[in-house]
Every structure is written in C-alpha cells, then in structure tokens.
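Enquirer: Chains A and B supply the protein sequences, listed in that same order.
Take the first sequence: its letters are residues 1 to 110, numbered as in the UniProt record's numbering.
Take the second sequence: its letters are residues 1 to 110, numbered as in the UniProt record's numbering.
Number of protein chains: 2
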Amino acid sequence: MLTREGCPENILAIKDALDALEGRWKLLIMVSLVNGNKRFKEIAREIGITDKMLSKELKTLETNKLIKRDVYDTFPPTVEYSITAHGKSLDNVLESLSKWGKQHRKEVIG
Amino acid sequence: MLTREGCPENILAIKDALDALEGRWKLLIMVSLVNGNKRFKEIAREIGITDKMLSKELKTLETNKLIKRDVYDTFPPTVEYSITAHGKSLDNVLESLSKWGKQHRKEVIG
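Below, the structure is given as structure tokens:
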C-alpha cells in the first residue's frame, strides 16, 4: 500500500515518528525536559499528567532512547530524568510544532 | 499548572498542535494530500486506513480548516480533498517529523 503513488518514503518515516511519539504526553514531557533535568514530581506538575500515566510514558521514552533516568546516591535516593542525544534531535520537531500551534490558535481556536 | 516554571507558552502551543493533530492518521492524511488533491479511495489506499476511520478523520481536519472537500458536478459526482492555506502551514512540521522518523529508524528501530 505504500508504493503505489505519492511519497511512500515520507509516509513510512512519519509513521515511525508517530509510533515513537504517539499520544498527547510524550512530546510535552520532552518539552518539559528540554528546559533542564527534572524530577518525577516536577514534570508531573508542569504538564498536568497523572503519576500513573507519567510513569508509563517515561518508561516508553526510555525504551526509545529519548530520555534517561539517573538515580543519585542520596538518602532518600534522588531520581532525575534528562534528555539523551537522540532526544535532543527532536528539537526541530518541537520547534515546528510549537510555532504551528501558535499559528493554529490564531487561525482556528481564535 | 502551566506557569510555575519551564516554558509554559511552548507547552500550551504544543498542546494546541497535538489537539488538532492527535492520533496516528491526521498527519498521514496531510502528507498524502501534500502531493496533490486526492479522492477518498486514493487516500485510503495510500495510507492504509479503514473507510470509517478515514471519513471521521477527514471531517475533523475539515473542521480545523486544514483540508477542504470539493464536490464536482459530474455524474456520479466527484469528490476531491485538498489542502487549505492553513494546512500548507504544516509543511515544516511534516518535514521535521519525516526527517526525525528516518533518524529514529536508524538509531532505535535499526
């Protein structure tokens, strides 16, 4: 189905990207971490996500090598999340989405 | 929750964008139409979506002023979908996602 016409290579690439980024939370978590490493509760507060969902999404982002989880040897242990080099490569996507979101608000949401 | 720290304006903008583009089909439909106006069945075939889902997604994209639906006075009537000016403004988003998808395939999917 992807070879008949149009731009099949692009469609495959966008499918891959959407698979890794699907849902409404992953990109918001990435934006939150772009501004610096954060702890679980800080991310939760900033983007307004439940703990259960955040925990699930962080695991998927880690599997996809977009973020990493560091445990520091304090008492109690401190856990911090940060963006990997591969995660940083999402910069252009985040920037273009953010620009477009602003434009869309003007145009449609009003 | 969006004003305490980080980059609240960007988070709002990306939330807006994700609201308009949520799910795995809308952006694929947009890519399909970037390459030229298409009829319902042509889009369905190209991206591999069911008729029911495609019909639903096209309506939402129309409501968000991203595509338009033209009915031509033939017998039987011809219906064609095309991208609006606002839809064209998604170009940068699609391009950055497509680039990133290729990179992600190399990096993670392998």
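Ideal Cβ positions, reconstructed from N, Cα and C, are used throughout, including at glycine.
(1) If I measure Cβ to Cβ from residue 20(A) and keep anything under 8 Å in the same chain, skipping five residues before and after, which residues do I get?
(2) With a threshold of 16 other CB atoms inside 10 Å of the CB of residue 29(B), please say whether the residue is buried or exposed.
(3) Return no unless some Cβ of chain B is closer than 7 Å to the Cβ of residue 102(A).
(4) Excluding sequence positions up to five away, which residues of its chain have a Cβ less than 7 Å from the Cβ of residue 37(B)?
(5) Step through the CB atoms of chain A and report whether any lies within less than 7 Å of the CB of residue 18(B).
(6) Given a limit of 8 Å on CB to CB distance, which residues of the stretch 73-99 of chain B reach chain A?
(7) Please classify residue 88(B) as buried or exposed, where buried requires at least 16 neighbouring CB atoms within 10 angstroms.
(8) Apart from the five residues just before and just after residue 78(A), which ones in its own chain have a Cβ nearer than 6 Å to its Cβ?
(9) Residue 14(A) versus chain B: which residues are under 8 Å apart at the beta carbon?
(10) Apply the 10 Å Cβ neighbour rule to residue 41(B) and answer buried if 16 or more other Cβ atoms are within range, or exposed otherwise.
(11) Per DSSP, what kind of secondary structure is residue 38(A) in: helix, strand or coil?
(12) Within its chain, find whatever has a CB closer than 6 Å to the CB of residue 47(B); leave out the 5 residues flanking it on each side and keep chain order.
(13) For residue 4(B), count neighbouring Cβ atoms within 10 angstroms of its own Cβ and tell me buried if that reaches 16, exposed if not.
(14) In chain A, which residues lie less than 7 Å from residue 22(B) when you measure between Cβ atoms?
(15) Residues of chain A with CB under 9 Å from residue 37(B), in chain order?
(16) What residue does the beta strand (DSSP E) around residue 50(B) start on, and which one ends it?
(17) Quick check on residue 16(B): does DSSP put it in helix, strand or coil?
(18) Measure the Cβ-Cβ separation of residue 91(A) and residue 101(B) and say whether it is below 7 Å.
(19) Measure the alpha-carbon distance for residue 58(A) versus residue 39(B) and round it to whole angstroms.
(20) Would residue 93(B) and residue 98(A) qualify as a contact pair, given that the criterion is a beta-carbon distance under 7 Å?
(21) Is it buried or exposed for residue 44(B), if we count other Cβ within 10 angstroms and need 16 for buried?
(22) If we call anything under 7 Å between Cβ atoms a contact, is residue 105(B) one with residue 18(A)?
Expert: So, to answer that:
(1) 26, 64 and 66
(2) buried
(3) yes
(4) 80, 81 and 82
(5) yes
(6) 86, 89, 90, 92, 93, 94, 95, 96, 97, 98 and 99
(7) With fewer than 16 Cβ atoms within 10 Å of its Cβ, residue 88(B) is classed as exposed.
(8) 72
(9) Near residue 14(A) (Cβ distances below 8 Å), the residues of chain B are 27, 28, 31, 94, 97, 98 and 101.
(10) exposed
(11) strand
(12) Correct list, in chain order: 28 and 32.
(13) Legend: pLDDT at residue 4(B) = 34, less than 50; position of this residue unreliable, value from coordinates given subsequently. Residue 4(B) comes out exposed.
(14) 24
(15) The contacting residues do not exist; residue 37(B) stays about 12 Å from chain A at best.
(16) Element bounds for residue 50(B): n/a, residue is neither H nor E.
(17) Helix at residue 16(B).
(18) no
(19) Taking the straight line from one Cα to the other gives about 40 Å.
(20) no
(21) buried
(22) no
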